[in-house]
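Numbering (our numbering), first residue to last: 1 to 381.
Reviewing the structure listed below.
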Amino acid sequence: MSAGTLTLTNNSATVTGSGTAFTTELAAGDFIVVTVGGVPYTLPVKTVNSNTSLTLVSNYTGPTQSGAAWSAVPRVALNMVTAALVAQSAEALRGLNYDKQNWQQLFSVNGNITVTLPDGSQFSGPSWPYMVNTVATKTNGAVPINQGGTGATDAEGARTGLGLGTSATKNTGTSGNVVPLLDADGVTFDKRLSIGGGNYSSQLRLISNSDGYGQMEIYSLGGTVRCRLAYINSNDLYYYKYVGGAYSFGVMFPQSGGTLALTGTSDIHFKDDVKDMDPAVSLDNINRMRPVSFVFKADKNRNVRRGVIAQEIMEIDPQYVHLNIDRNPDTQEDTERYSLDNNALLLDALLAIQALSKKVEAMELVLKKDISTKDITQSGS
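Next up, the structure:
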């Protein structure tokens, strides 16, 4: 950032500074960059009048602002950026033209082609029409098995060439001329599957109840401790620990948009429609919150905790909370509960700090001006 602060007036080309050194940092044709109301402005300089006064090429179109931080950008720096952008764009277009020419040759030329890479290097090889025509004509239209084909031109000959038996053309079923995969009752698997041996005797069971929700239970043979992964449906997946005939604890993994949501991502490549937020709105949201102390009903130790009430802050901003659905594995009953979105709360807290910081800076500036005026008055008297 450059020294001092600026005062900009809407629809005016005059810019005044406080604590600035315009004659040292700027020249005609240079630029100043300033952010007002969260919007960055790049303003070209027409003339530098003094260390605290300059004139813009065109009128400033943003809102009137005083005490704004700013940065000086030399004209040479912007010219270098523009030149680099033109060179990079030309290089990218050249690569696209090469790519287009390569694909046209690959699809249309019947013979060897020369492929040109973005760096200008080249290599030669057969085109696709050439390869198709060459392979298909080797054995009267049938591609041999040793070249990735079936060795035949019809389905029956292909099955014979690949060594497939008569079951390759039959369906599975419980009766008739089918492959007998199911029994008469339609049960696909009704036996215990034991996995392991020696010191690792264990059990794997896959179960489906009447609602079609799957379960997987794993426990040592003859043991009392089990691990159950249960109720895999379109919404949730549950993990339970089962000890001595009762559930000791469980964890629910909620899903969001069909993807298991454990940790949020902040990568820009996974986001769109990115917009700046207003710190004043966040400060107002924080002021409207009611911090409370409370005790969880299920806490036998009656530990006093602190926080907020989800139903209250969701009235301020719905993004502060998530609705979770908990399913009891025994009764199949669903229970709704709200949880906090810490990302949204933390961001609003940070924005509120920014808003307060700007207010403090503005008050400090006013206080300094008042002190300076008072000192001048006293020295004159």
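Quick reminder that beta carbons are idealized off the backbone N, C-alpha and C, glycines included.
Cβ-based neighbour list, residue i, same chain, cut-off 6 Å, excluding 5 preceding and 5 following
i	result
S293	V304 and R306
V57	P44 and K46
D334	I325 and R327
T42	F31 and V33
Alpha-carbon to alpha-carbon, residue j and residue i
i	j	result
F123	N112	10 Å
G95	S2	40 Å
I376	F31	35 Å
G383	N59	One cannot answer for residue 383 here, as it falls past the ends of the chain, which runs 1 to 381.
D154	T160	10 Å
G148	N97	34 Å
K368	G4	14 Å
N324	S127	56 Å
T169	Q105	41 Å
N301	V295	9 Å
P118	N146	36 Å
F270	S357	31 Å
P129	E156	27 Å
W70	P291	38 Å
P74	M131	58 Å
I353	N342	16 Å
E312	Y338	11 Å
Contact check, residue i vs residue j, beta carbons under 8 Å
i	j	result
A355	A298	no
G62	V39	yes
Q65	V33	no
M289	V308	yes
A158	T150	yes
G67	L365	yes
N133	N110	yes
L26	A72	yes
Close beta carbons around residue i, own chain, < 7 Å, minus the five adjacent residues each side
i	result
L55	A small fix is needed here, since residue 55 is Thr in this sequence, not Leu. The answer, listed in chain order, is A13, T14, K46, T47 and N49.
N285	I316, D317 and D348
L340	A310, Y320 and V321
L345	Y320
Cβ-based burial, residue i [other Cβ within 10 Å; buried from 16]
i	result
D348	buried
I371	exposed
L164	exposed
S121	exposed
S283	The amino acid at residue 283 is misidentified as Ser; the sequence shows Leu. Classification for L283: buried.
I268	exposed
A152	buried
L162	exposed
L93	exposed
F189	Only weak support exists for where F189 lies, its pLDDT of 45 falling under 50; the coordinates are left without a value.
Same chain only: Cβ atoms within 8 Å of residue i, ignoring 5 sequence neighbours per side
i	result
N51	G17, T20, A21, F22, T23 and T24
G125	N112, I113 and V115
T373	none
A83	none
F107	S127, W128 and P129
V274	I268
Taking only runs of the beta strand (DSSP E) that begin and end inside the stretch 4 to 64, which ones reach a length of at least 3 residues, in chain order? Runs of the beta strand (DSSP E) inside the stretch 4 to 64: 5 to 8, 12 to 18, 31 to 36, 39 to 50 and 53 to 60.
Going residue by residue through the stretch 324 to 369, where are the continuous beta strand (DSSP E) segments of at least 3 residues, counting only ones entirely within it? With a minimum length of 3 residues, the continuous beta strand (DSSP E) runs that stay inside the stretch 324 to 369 are 334 to 340.
Along the chain, which unbroken stretches of the beta strand (DSSP E) at least 3 residues long are found entirely within the stretch 260 to 325? 292 to 294 and 305 to 307, all fully within the stretch 260 to 325.
Can you list, in chain order, the stretches of the alpha helix (DSSP H) that have 4 or more residues and sit fully within the stretch 96 to 167? Within the stretch 96 to 167, the alpha helix (DSSP H) runs of at least 4 residues that lie entirely inside it are, in chain order, 128 to 136 and 155 to 161.
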